[in-house]
Amino acid sequence: MAQENVLQANGHSAGAHLDYLDSSKGLWSWMSTVDHKRIGLMYLWSVVLFMIVGGLLALLIRMELLTPGPTIMDAETYNRAFTLHGAVMVFLVIIPGIPAALGNFALPLLLGAKDVAFPRLNLTSYWIYVFGALMALSTLVLGGVDTGWTFYTPYSSTTGGGVSMMVLAAFVLGFSSIFTGVNFIATIHKMRAPGMGWFELPLFAWGMYATALIQILATPVLGITLLLLVMERVLSVGIFDPNLGGDPVLFQHFFWFYSHPAVYIMILPAMAIISEVIPVFSKKTIFGYKAIAFSSVAIALLGFLVWAHHMFTAGMSLFAGAIFSFITFFIAVPSAIKVFNWIATMWRGSISMKAPMIHAVNFLLIFTIGGLTGLFLAALSTDVHLHDTYFVVAHFHYVMAGSNLIALLAGLHYWWPKMFGRMYNEKLAAIAAALIFIGFNATFLPQFLMGSRGMPRRYYNYLEQFQTMHVLSTIGSWILAVGLFLCLGVLLASLRGKKNASANPWGGKTLEWQAASPPITHNFEDTPVMIHGPYDYRPQPVPVAVEREQGVSH
Amino acid sequence: MTWFRDFLLGSPAATHAAEMDGLFIFITLLTVFFFLFNGALIFYASKRWKRRSDDEVTPHITHDTRLELIWSLIPLAVVLLIFFWGFKGYVSAWVAPNDAMEIVVTGKKWLWEFEYPDGTRALNDLHVPVNKPVKLIMHAEDVIHSFFVPAFRLKRDVLPGRYTEMWFTATEPGVHQVYCTEYCGKGHSDMLARIYVDTPEEYEVFLREGDEQVRKMPLKDLGQLVYENKGCATCHSIDGTRGQGPTFKGIWGKTERAADGKEFLVDENYIRESILYPNAVVVQGYEPIMPTFQGLLREREILGMIEYIKSLQ
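Top to bottom, those sequences are chains A and B. Going by the working numbering, the first sequence opens with residue 1, and the numbers climb by one from there. Going by the working numbering, the second sequence opens with residue 555, and the numbers climb by one from there.
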């Protein structure tokens with residue numbers, strides 16, 4: 001400490017401070033840190049750990065489905081395995097993945113801020129997450145949970161095992177999510193660097209803002225619903241179980257009122273990362289800044305009005321079905337706009353296919369499939385056929401797993417030098433990206449065909465006619481696993497080397513690249529001032545003040 | 555296009571299917587087209603404008619309103635078209651015609667029970683006539699199930715404490731697979747049923763003799779099924795208790811006295827007569843209140859009833 005004070009007294013020369021990784025030592029300094037970067041890293045390692053847990057479960061599930069009938073486990077174990085896979089991946093990996101891990105690390109840096117608005121709340125959010133995660137995993141010793149991650153009543157209110165614990169875990173995890181959302185909204189409103197107006201915000205911040213809106217508005221509804229479910233299970237208060245006078249479809253309405261917007265908690269941050277990576281590696285200003293920014297907000301708001309498209313076969317009125325289908329189609333438009341904007345950004349750029357960009361391009365292709373296959377499920381007549389088949393499984397994996405995970409990897413490779421001050425092996429990272437892309441498509445493409453031919457989801461046993469496609473899918477899962485482990489290995493291997501990354505290895509124009517790699521605890525030696533736009537790649541960037549005066553908007 | 559449709563969806567077997575199949579193929583082609591289109595643009599851009607040196611200068615293009623309008627409005631038009639197309643198919647599958655034959659479907663862990671208009675019940679095998687509208691009135695006994703017939707492109711959740719409906723006109727004779735598509739526990743993936751779409755001749759045989767299950771059932775078991783399902787149990791006990799009618803226990807081979815005092819033997823002919831013309835000869839001390847079962851029981855079911863009563867000694 002004393003040494004640091006002396007160094008500080010020496011003035012603000014670059015390198016005068018130890019970076020945030022080395023500024024203090026010991027486990028406690030990490031566990032009690034309020035530094036957004038350290039909290040981001042703790043989230044990151046937790047997410048990686050749970051991704052391995054969820055991924056191994058996925059491999060077991062795919063292994064079981066290699067043959068019809070029993071392969072390696074019995075039906076009850078299988079049901080518990082896919083439930084835990086879903087719950088872990090949704091609540092512990094995808095929802096916190098980009099916002100809490102990468103968002104925490106990058107958002108304040110992108111804004112030119114010292115930290116998030118409420119650093120202690122940030123730490124609280126992390127420990128609530130850890131507590132919720134332990135609760136969720138404790139169901140393994142409480143007899144498991146076999147409801148599916150959707151907890152549909154009255155199955156969930158009558159089956160045995162640790163359903164109440166799992167549901168309470170999701171309740172607790174919700175608070176972590178809300179705290180992060182509140183924090184990000186306050187940070188984006190109040191902590192922007194001098195000179196940074198709303199339309200000079202990096203698009204990552206717009207994406208985080210839209211995500212945070214959903215987190216704070218939708219998560220409480222899930223919390224209430226889950227508490228009602230626990231009340232029904234423990235106190236036999238009849239809410240959803242018809243035997244107690246409840247309505248089972250009501251649960252689905254409540255559940256999807258949160259969980260459909262939650263899908264956008266998963267995809268908006270992914271889009272946010274892609275909006276950062278593509279301009280940098282195309283060395284060209286983003287095309288249609290406002291269109292991308294507003295389409296994020298549009299998706300977030302429309303996302304609240306479409307929940308019942310999960311229930312077209314559940315017994316809704318014709319009129320309700322038509323309304324929900326109609327609104328759902330409007331989400332397709334902002335999604336399409338974004339994809340075309342990203343491609344237009346690449347057009348006439350100077351494209352460098354480094355690992356983050358490879359992942360970003362893979363994202364564009366996978367999201368194109370994931371997005372367009374959504375049309376089948378938004379349309380009423382086709383959804384009736386496809387609902388609860390493997391087609392749906394394939395579709396949501398393309399969006400939630402493929403798009404989200406690959407965008408997470410794009411962001412991770414992009415900010416890795418900033419996080420750890422080290423470059424990874426570019427060639428191996430590119431090979432890993434290719435394996436992930438091939439493995440992902442090999443796993444999930446056959447599932448579309450299986451589903452359209454009628455294979456229902458959550459089936460332990462299946463008819464022989466589906467076996468070929470199940471085998472292809474299982475082989476795909478092995479390729480995907482090899483790719484992901486290679487990717488992790490390449491990144492971890494880089495940590496053994498010296499800190500060799502420059503402050504701005506990719507030539508980015510957003511503020512985080514003005515900080516050292518890795519940054520000091522307070523991010524910047526001096527408060528950065530926003531001079532030119534976040535994507536101004538002109539040889540002589542035009543100051544934002546001048547652009548505003550000239551009325552030149554993005 | 556037929557091979558493409560059969561490859562994607564399997565061949566259709568109900569009147570609704572064509573509408574949905576057309577839309578499915580349309581969106582499939584749209585998806586393939588945009589995937590290739592986007593893929594080609596990305597591939598072209600990354601080759602054509604590959605970075606060759608670090609100080610390359612790129613044009614500063616912030617937006618292009620005309621282009622952006624085009625790629626907003628075209629997707630909008632396409633999705634609206636898809637919406638209406640999907641809605642049309644959904645509506646046509648919504649309201650059943652008035653003359654549809656009604657079948658009650660009960661889903662429970664982990665089997666499907668079907669009840670025909672004549673009161674016959676069957677497990678997991680449903681017989682329907684070809685080219686006749688059929689309406690299923692469905693409910694569940696325990697948790698939510700879902701009745702899915704891929705060949706008909708139809709699916710409907712089956713809920714406890716509520717009725718849901720589904721109707722179809724099957725066009726292809728043959729056997730069509732039914733799946734449960736709402737997760738319902740350990741036996742979910744074995745909760746399968748089959749719909750037998752019968753030609754008029756086959757359906758005649760089915761109406762006369764029942765389905766294969768029934769045809770193969772030993773007479774005594776069939777009789778017990780009739781006793782339980784057709785309301786006999788309401789008045790006739792099998793344990794000797796007196797009900798609205800005489801108990802079946804030990805009645806076989808007994809000599810009974812009729813209301814007018816005449817004696818008669820309870821044999822095959824008496825039982826048959828009592829089922830078809832119940833009030834011809836009534837046992838003394840009982841009211842002539844039994845309804846006739848003419849036309850409600852198949853010939854083999856009457857034989858089954860006789861065998862069943864024989865067995866209750």
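For glycine and all other residues, C-beta sits at the position ideal for the given N, C-alpha and C. Being a predicted model, the structure only gives us computed values, none of them experimental.
* Classify Phe-151(A) as helix, strand or coil using the three-state DSSP reduction. => coil
* Would the beta-carbon of Lys-418(A) fall within 9 Å of that of Pro-356(A)? -> no
* Along chain A, in chain order, which residues have C-beta atoms closer than 8 Å to that of Trp-639(B)? -> Ala-379 and Ser-381
* Tell me which same chain residues have a C-beta within less than 7 Å of the C-beta of Ala-117(A), skipping the five on either side of it? -> Asn-183, Ala-186, Thr-187, Lys-190 and Met-191
* Could you tell me whether any Cβ in chain B is nearer than 9 Å to the Cβ of His-554(A)? => Because His-554(A) carries a pLDDT of 48, less than 50, the predicted location of this residue cannot be relied on, and no value is offered for it.
* Asked: Does the Cβ-Cβ distance between Phe-281(A) and Ala-360(A) come in under 9 Å?
  -> yes
* To do: Could you check how far apart the C-beta atoms of Thr-158(A) and Asp-241(A) are, in whole angstroms? I think they sit under 8 Å.
  => 7 Å
* Asked: Is the number of C-beta pairs between the segment 678-696 of chain B and the segment 713-727 of chain B that are closer than 8 Å three or more?
  -> yes
* Asked: Could one say the Cβ of Leu-294(A) lies closer than 9 Å to chain B's Cβ atoms, at least one of them?
  -> As written in the sequence, residue 294(A) is Phe, which differs from the Leu given in the question. Judged by the 9 Å Cβ criterion, Phe-294(A) is not in contact with chain B.
* Asked: Roughly how many whole angstroms lie between the Cα atoms of Thr-67(A) and His-614(B)?
  -> 56 Å
* **Cutoff 7 Å; reference Ile-337(A); Cβ partners in own chain excluding five residues on either side** => Ala-291 and Ser-295
* Asked: Is it buried or exposed for Val-729(B), if we count other Cβ within 10 angstroms and need 16 for buried?
  -> exposed
* Asked: Identify the residues that DSSP records as bridge partners of Phe-802(B): which are they?
  -> None; Phe-802(B) has no bridge partner.
* Leaving aside the five residues before and after Gly-303(A) along the sequence, list all residues of the same chain whose C-beta is less than 6 Å from its C-beta, in chain order. => Pro-261 and Tyr-264
* Asked: Okay, do the segment 456-468 of chain A and the segment 725-744 of chain B touch, 3+ Cβ pairs below 8 Å being the bar?
  -> yes
* DSSP state of Pro-683(B) mapped onto helix, strand, coil -> strand
* Asked: At least one CB of chain A closer than 9 Å to the CB of Ser-600(B): is that the case?
  -> yes
* Asked: Since Ile-843(B) meets chain A, which of its residues come closer than 9 Å, beta carbon to beta carbon?
  -> Result: empty, since nearest Cβ-Cβ is about 36 Å, beyond 9 Å.
* Option in Leu-449(A), Gly-174(A), Gly-533(A) and Pro-528(A) with minimal Cα separation from Pro-108(A) -> Pro-528(A)
* Using Cβ-Cβ distances below 8 Å, what residues of the segment 296-326 of chain A are close to chain B? -> Phe-312, Thr-313, Ala-314, Gly-315, Leu-318, Gly-321, Ala-322, Ser-325 and Phe-326
* Asked: Expressed to the nearest angstrom, what Euclidean distance is found between the alpha-carbon atoms of Phe-396(A) and Gly-673(B)?
  -> 43 Å
* Measure from the C-beta of Tyr-737(B) to each C-beta in chain A and report whether the shortest distance is under 9 Å. => yes
* What's the C-alpha gap between Gly-715(B) and Ile-239(A)? -> 13 Å
* Have a look at Gly-55(A) and His-85(A) and give me their C-alpha separation to the nearest angstrom. => 7 Å
* Asked: Sorted by chain position, which residues of the same chain lie with C-beta nearer than 8 Å to His-12(A)'s C-beta, five sequence neighbours on each side aside?
  -> Confidence at His-12(A) is low in this model, with a pLDDT of 42, below 50, so the placement of that residue is unreliable and no value is reported for it.
* Using a Cβ-Cβ cut-off of less than 8 Å, list which residues of the segment 70-92 of chain A approach chain B; keep chain order. => Ala-75, Glu-76 and Asn-79
* Closer than 8 Å: is that where the CB of His-387(A) sits relative to any heavy atom of the ligand FMN? -> Ligands are entirely absent from the displayed structure, and the ligand FMN is therefore not among its contents.
* Can you find a CB in chain A that lies within less than 9 Å of the CB of Val-611(B)? -> yes
* Interface partners of His-385(A) on chain B, CB under 8 Å -> Leu-563, Met-574, Phe-578, Pro-704, Arg-707, Leu-708 and Lys-709
* **Pro-446(A) classed as buried or exposed, judged by whether at least 16 other C-beta atoms fall within 10 angstroms** => buried
* **Chain-ordered chain B contacts of Lys-284(A) [CB-CB under 7 Å]** => Thr-612
* Asked: Nearest CA to the CA of Gly-799(B): which residue from Cys-786(B), Asn-678(B) and Pro-754(B)?
  -> Cys-786(B)
* **Beta-carbon gap between Gly-483(A) and Ile-520(A) smaller than 9 Å** => no
* Asked: Can you list the alpha helix (DSSP H) stretches of 4 or more residues lying completely in the segment 263-334 of chain A, in chain order?
  -> 289-302
* Determine the burial state of Phe-561(B): buried for a count of at least 16 other Cβ atoms within 10 Å of its Cβ, exposed for fewer. => exposed
* **Whether Leu-168(A) touches Val-34(A) by CB criterion (9 Å)** => no
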